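Enquirer: Quick one: structure below, then a few questions.
Below is the structure:
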């Protein structure tokens, strides 16, 4: 199937997001119904609600996807970023509507006023600026900013994702929520040696908030392994999800065929 909203007509993209969202909607309704019966029959607890922080960059002309723009142009790369961001928001919103997560969007590339406008356009009430620093510093900042909100709403776990995943689906987030019931750290490996998702449990949040973000050489092929190594001497349990391709270059798009 061709993705009819993808701005690159001469590159085949195998995911039709409209059909994906429709199919995922039906699937997740069944999953939630199934979980409901487990709760009734076995008396088990529903998945703990998590805060999903979406790290998003404004899709300004020449201000995003710089490596991709070298091959497809600044205008097309901005369109790619916009489409993937909207897809990520769409997937996340469904779980929020079913009260499994609360969404907060962390924005870079815009000031407070324009960030508020963009957040409203995306239908997200909670937003914060990413601020300066490396990715680790930006994620730590989001945790600190949202600490009181999580305490007030009894949210135990935090999940971070980016907006470079046209293959993201509801089941990816459901799997993360489920694994956080049994593990402290959830990582979604990406093709570049980093990760497309990181989930942090209440245990990490309460006592080792900085552990996932120290001694990391951000932007290198060792980010995932560095993160895992940080936990080598601890008793925290971690779980790896399926590997996905982050769209940063034309090769990433071609590898999705």
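In our numbering, the protein residues as written are 1 to 257. By construction, the Cβ of each residue, glycine as well, lies at the ideal position given by its N, Cα and C atoms. Source: prediction; values computed, not measured.
When you compare the CB positions of residue 201 and residue 180, do they come within less than 8 angstroms of one another, or not?
Expert: Residue 201 sits at position 201 when you count from the first residue of the chain shown. Residue 180 sits at position 180 when you count from the first residue of the chain shown. Going by C-beta atoms, residue 201 is nearer than 8 angstroms to residue 180.
Enquirer: Between the alpha carbons of residue 170 and residue 49, how many angstroms are there, rounded?
Expert: Numbered from its first residue, the chain shown carries residue 170 at position 170. Numbered from its first residue, the chain shown carries residue 49 at position 49. Looking at the two C-alpha atoms, the distance is approximately 15 angstroms.
Enquirer: What does DSSP give as the partner residues of residue 78 in its beta bridges?
Expert: Residue mapping note: residue 78 aligns to position 78 of the chain shown, counting from 1. Its beta-bridge partners do not exist; DSSP assigns none.
Enquirer: Beta-carbon separation of residue 238 and residue 228 under 8 angstroms?
Expert: Taking the chain shown and counting its residues from 1, the one referred to as residue 238 is at position 238. Taking the chain shown and counting its residues from 1, the one referred to as residue 228 is at position 228. A contact, by the Cβ cut-off of 8 angstroms.
Enquirer: Can you look up residue 244 in the DSSP assignment and give me helix, strand or coil?
Expert: In the chain shown, the residue the question calls residue 244 occupies position 244. In the structure shown, residue 244 sits in a strand (DSSP, three-state: E or B).
Enquirer: Thinking C-alpha only, which one of 146, 194 and 140 is nearest residue 208?
Expert: Within the chain shown, residue 208 is the residue found at index 208, counting from 1. Per the Cα distances, 140.
Enquirer: So, with DSSP's three-state summary, where would you put residue 92?
Expert: Against the chain shown, residue 92 aligns to sequence position 92. Reduced to three states, the DSSP call for residue 92 is helix.
Enquirer: Please say whether residue 199 and residue 157 have beta carbons closer to each other than 8 angstroms?
Expert: The residue labelled residue 157 in the question sits at position 157 within the chain shown. The residue labelled residue 199 in the question sits at position 199 within the chain shown. Result yes, Cβ atoms of residue 157 and residue 199 sit closer than 8 angstroms.
Enquirer: Give the range of the beta strand (DSSP E) segment to which residue 157 is assigned.
Expert: In the chain shown, residue 157 corresponds to position 157, counting from 1. From DSSP, the beta strand (DSSP E) with residue 157 extends over 157-161.
Enquirer: Buried or exposed for residue 75, please, with buried defined as at least 16 other CB atoms from any protein chain shown within 10 angstroms of its CB.
Expert: By 1-based counting over the chain shown, the position of residue 75 is 75. The residue is exposed, with fewer than 16 neighbouring Cβ atoms inside 10 Å.
Enquirer: Leaving out five residues before and five after residue 255 in sequence, what residues of the same chain have Cβ atoms less than 8 angstroms from its Cβ?
Expert: For the purposes of this step, residue 255 is identified with residue 255 of the chain shown, where counting begins at 1. Hits under 8 angstroms: 191 and 245.
Enquirer: Which residues in the same chain have their Cβ closer than 8 angstroms to the Cβ of residue 182, if we skip the five residues on either side of it in sequence?
Expert: Position 182 of the chain shown, counting from 1, holds the residue named residue 182. Taken in chain order, the residues that qualify are 237 and 239.
Enquirer: What are the residues that DSSP puts in a beta bridge with residue 258?
Expert: Nothing about residue 258 can be reported from this structure: the residues present for the chain run from 1 to 257 only.
Enquirer: Scan the stretch 124-150 and note each continuous beta strand (DSSP E) run of 3 residues or more that stays entirely inside, going in chain order.
Expert: Segments of the beta strand (DSSP E) lying fully in the stretch 124-150: 126-129.
Enquirer: Specify the secondary structure class of residue 104 as computed by DSSP and reduced to three states.
Expert: Along the chain shown, one-based indexing puts residue 104 at 104. Of the three classes helix, strand and coil, the one that applies to residue 104 here is strand, per DSSP.
Enquirer: According to DSSP, is residue 180 part of a helix, a strand, or is it coil?
Expert: By 1-based counting over the chain shown, the position of residue 180 is 180. Coil.
Enquirer: So what does DSSP say about residue 54, is it helix, strand or coil?
Expert: By 1-based counting over the chain shown, the position of residue 54 is 54. DSSP places residue 54 in strand when its eight states are reduced to three.
Enquirer: Going by DSSP, which residues form a beta bridge with residue 199?
Expert: Taking the first residue of the chain shown as position 1, residue 199 is located at position 199. Note: residue 199 sits in a beta bridge opposite 159 and 186.
Enquirer: State buried or exposed for residue 235, treating a residue as buried only when at least 16 other CB atoms are found within 10 Å of its CB.
Expert: The count along the chain shown starts at 1 and reaches residue 235 at position 235. Counting Cβ neighbours within 10 Å, residue 235 comes out exposed, since fewer than 16 surround it.
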